[in-house]
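Chemist: Counting in my numbering, the sequence shown runs from 215 upward without gaps. Beta carbons are placed, not taken as given, at the ideal position from N, Cα and C, and that holds for glycine.
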Amino acid sequence: MPQPPKHRILLVDDDRGLRHVLSALLQDAGHRVESAGDGPEALEMLGRDSSFDLVLLDIGLPSMSGLDVLARVRELPSPPLVIVMTADDTSATLLEAVRRQAYRYLRKPFPPSAIVEVVSEAAAPTAALSIEVISARPEWLELVAPCTLEMADRIQSFVMHLEANLSEAVREAVAQAFRELLTNAIEWGGKLDPDRKVRIACVRTPRMLLYRIADPGEGFDIDKLRHAAIMNPDDDPMRHLSVREQQGLRPGGFGLAMTRSLVDDLIYNEARNEVLLIKYLDDGEDGEQDQRITQ
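1. By the 10 Å Cβ neighbour count, where 16 or more other Cβ atoms means buried, how is Ala485 classified, buried or exposed?
2. Give the list of continuous alpha helix (DSSP H) stretches no shorter than 4 residues that lie fully inside the segment 246–284.
3. Residues bridged to Tyr425 by DSSP?
4. Name, in chain order, the residues that DSSP records as bridge partners for Glu356.
5. Which class does Leu376 belong to by DSSP, given the choice of helix, strand or coil?
6. Between the segment 397–409 and the segment 344–354, are three or more C-beta pairs nearer than 8 Å?
7. Rounded to the nearest angstrom, what separates Gly280 and Leu271 at their Cα positions?
8. Could you pull the start and end residues of the alpha helix (DSSP H) that Thr307 belongs to?
9. Using the three-state DSSP reduction, which class does Val388 fall into: helix, strand or coil?
10. Looking only at its chain, what residues have a beta carbon closer than 8 Å to the beta carbon of Ala387, apart from the 5 residues adjacent to it on each side?
11. Just to confirm, are Ala336 and Ile297 a CB contact at a threshold of 9 Å?
12. If you compare alpha carbons, which of Arg314, Leu308 and Trp354 is closest to Leu320?
13. Who does Met299 pair with in a DSSP beta bridge?
14. If you check the beta carbons only, do Pro352 and Arg418 fall under 9 Å apart?
15. Could you have a look at Arg230 and say whether DSSP puts it in helix, strand or coil?
16. Report the rounded CA-to-CA distance for Asp407 versus Leu363, giving the unit in angstroms.
17. Between which two residues does the beta strand (DSSP E) harbouring Ile481 extend?
18. Quick one: Cα of Phe372 to Cα of Arg262, how far?
19. So what does DSSP say about Pro465, is it helix, strand or coil?
20. Check whether the Cβ atoms of His221 and Asp267 sit closer than 9 Å, and answer yes or no.
21. Could you check the C-alpha separation between Arg421 and Arg314 for me, to the nearest Å?
22. So, at 8 Å on beta carbons, what are the nonlocal neighbours of Thr340 in its own chain, with the 5 sequence-adjacent residues on each side left out?
23. By the DSSP assignment, the alpha helix (DSSP H) with Pro326 in it spans what residues?
24. Got a sec? Which residues, its chain only, sit under 8 Å from Pro291 by beta carbon, not counting five neighbours each side?
25. Is the beta carbon of Met473 sitting closer than 9 Å to the one on Glu394?
26. Tell me whether Val312 is buried or exposed, calling it buried when 16 or more other Cβ atoms sit within 10 Å of its Cβ.
27. Alpha carbon to alpha carbon, how far is Pro323 from Val332? Give it in angstroms, no decimals.
28. Cutting at 6 Å between CB atoms, please list the residues of its own chain near Arg413, excluding the five before and the five after it.
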């Protein structure tokens, strides 16, 4: 069986022990790894060698911020993808990483398998596609992205890290609902065509989360979704399964019904190619992040 393509990686972190551990993990996975202990050393290596595919970049570097290194890397003629690693979980750091076109964002500490998994995902043919950042404020994040499933993974990763201060139950519910709607928009509205774009806005207030997803499709007629669980009568909650079997569709069809059960409001525009997902927050749900947004 042919092996997946491997990366040439530059690992940038001032923690020598962590560099050793991550290098060993990635080399065991078949990647080629070199390392640097600070930003100037990393930029010097990238300046004389353009064959790196990927940079694993710590934010808290001595002498030069990792975010500044990221900005300089993105200015290179053929910039490698950059995966940001940091123990700094503030929204300002994450949003700046998004604005400066980081490929992915990993919060330290992370399980060893996470770095290998994210590096492997960077081999996808669409990994180099860019996200257009319309707004990168804690209270309003808005992005325009190509319609690929790999892009859905990237966007969900950024958005859910931004919501890290929510309770685990709320965060998981929002993550599932957001992922379902975003995937539907990319797959059905965008036809998995990277030349078509989906627009995502994440609006945050102290009492509410609102996600707006607009796809480039013509929309759909909900009355014709007999293959979806959302159309089942109360006395026959599995009826859609026989419809899907008759139409030769894969098992499933619970997405919209599941999404409605996870959030407080789900509102479509008339054409049904744009949706609002709303989750209301209880008093005290948001804690510290509320104070940052309202200052």
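Modeler: From the atom records:
1. On the sequence shown, position 271 is the one that residue 485 refers to. The residue in question, Ala485, is exposed, as its Cβ has fewer than 16 Cβ neighbours within 10 Å.
2. Whole alpha helix (DSSP H) segments, 4+ residues: 253–262.
3. In the sequence shown, counting from the first residue as 1, residue 425 sits at position 211. DSSP lists Cys416 and Leu491 as partners of Tyr425.
4. The count along the sequence shown starts at 1 and reaches residue 356 at position 142. Paired residues: Ser349 and Ala415.
5. As a first step, residue 376 must be located in the sequence shown, where it is residue number 162. Here Leu376 sits in helix by DSSP.
6. Fewer than three Cβ pairs drawn from the segment 397–409 and the segment 344–354 lie within less than 8 Å of each other, which leaves the two stretches out of contact.
7. As a first step, residue 280 must be located in the sequence shown, where it is residue number 66. As a first step, residue 271 must be located in the sequence shown, where it is residue number 57. Near 7 Å, if we compare the C-alpha coordinates of Leu271 and Gly280.
8. Walking along the sequence shown from the start, residue 307 turns up at place 93. For Thr307, the uninterrupted alpha helix (DSSP H) segment begins and ends at Ser305 to Arg313.
9. Numbered from 1 along the sequence shown, position 174 holds the residue referred to as residue 388. Of the three classes helix, strand and coil, the one that applies to Val388 here is helix, per DSSP.
10. Looking up residue 387 in the sequence shown gives position 173. The answer, listed in chain order, is Leu476, Val477 and Lys493.
11. As a first step, residue 336 must be located in the sequence shown, where it is residue number 122. As a first step, residue 297 must be located in the sequence shown, where it is residue number 83. Less than 9 Å divides the Cβ of Ala336 from the Cβ of Ile297.
12. Position 106 of the sequence shown, counted from the first residue, corresponds to residue 320. The residue with the shortest Cα to Cα distance from Leu320 is Leu308.
13. What you label residue 299 is simply residue 85 of the sequence shown in a count that begins at 1. Met299 is bridged to Asp272 and Leu320.
14. Translated into positions along the sequence shown, residue 352 becomes position 138. Translated into positions along the sequence shown, residue 418 becomes position 204. The answer is yes: Cβ separation under 9 Å.
15. Residue 230 sits at position 16 when you count from the first residue of the sequence shown. The answer is helix: DSSP assigns Arg230 an H, G or I state.
16. Mapped onto the sequence shown, residue 407 falls at position 193. Mapped onto the sequence shown, residue 363 falls at position 149. For Asp407 and Leu363, the distance between alpha carbons rounds to 10 Å.
17. Numbered from its first residue, the sequence shown carries residue 481 at position 267. Going by DSSP, Ile481 is part of the beta strand (DSSP E) stretching over Asp479 to Tyr482.
18. Residue numbering aside, residue 372 sits at position 158 when the sequence shown is read from its first letter. Residue numbering aside, residue 262 sits at position 48 when the sequence shown is read from its first letter. If I take the Cα positions, the gap works out to 31 Å.
19. The count along the sequence shown starts at 1 and reaches residue 465 at position 251. In this predicted model, Pro465 has a pLDDT of only 46, less than 50, meaning its place in the structure is not dependable; the value taken from the coordinates is given anyway. Coil, per DSSP.
20. Taking the sequence shown and counting its residues from 1, one reaches residue 221 at position 7. Taking the sequence shown and counting its residues from 1, one reaches residue 267 at position 53. It is a contact, given that the beta carbons lie within the stated cut-off.
21. Walking along the sequence shown from the start, residue 421 turns up at place 207. Walking along the sequence shown from the start, residue 314 turns up at place 100. Each residue's alpha carbon lies about 29 Å from the other.
22. Numbered from 1 along the sequence shown, position 126 holds the residue referred to as residue 340. Apart from sequence neighbours up to five positions away, the residues of its chain that approach Thr340 with a beta-carbon distance below 8 Å are Pro360, Thr362, Glu364, Met365 and Pro408, ordered along the chain.
23. Numbered from 1 along the sequence shown, position 112 holds the residue referred to as residue 326. Following the DSSP letters along the chain, one finds Pro326 inside the alpha helix (DSSP H) bounded by residues Pro326 to Glu335.
24. For the purposes of this step, residue 291 is taken as residue 77 along the sequence shown, with counting starting at 1. Only Ser264 meet the Cβ criterion.
25. Looking up residue 473 in the sequence shown gives position 259. Looking up residue 394 in the sequence shown gives position 180. The sequence given here has Thr at residue 473, not Met. A contact, by the Cβ cut-off of 9 Å.
26. Within the sequence shown, the letter at position 98 stands for residue 312. With 16 or more Cβ atoms within 10 Å of its Cβ, Val312 is classed as buried.
27. Residue numbering aside, residue 332 sits at position 118 when the sequence shown is read from its first letter. Residue numbering aside, residue 323 sits at position 109 when the sequence shown is read from its first letter. Separation of Val332 and Pro323 (C-alpha to C-alpha, rounded to the nearest whole angstrom) is 15 Å.
28. For the purposes of this step, residue 413 is taken as the residue at position 199 of the sequence shown. Contacts found: Val358 and Ala428.
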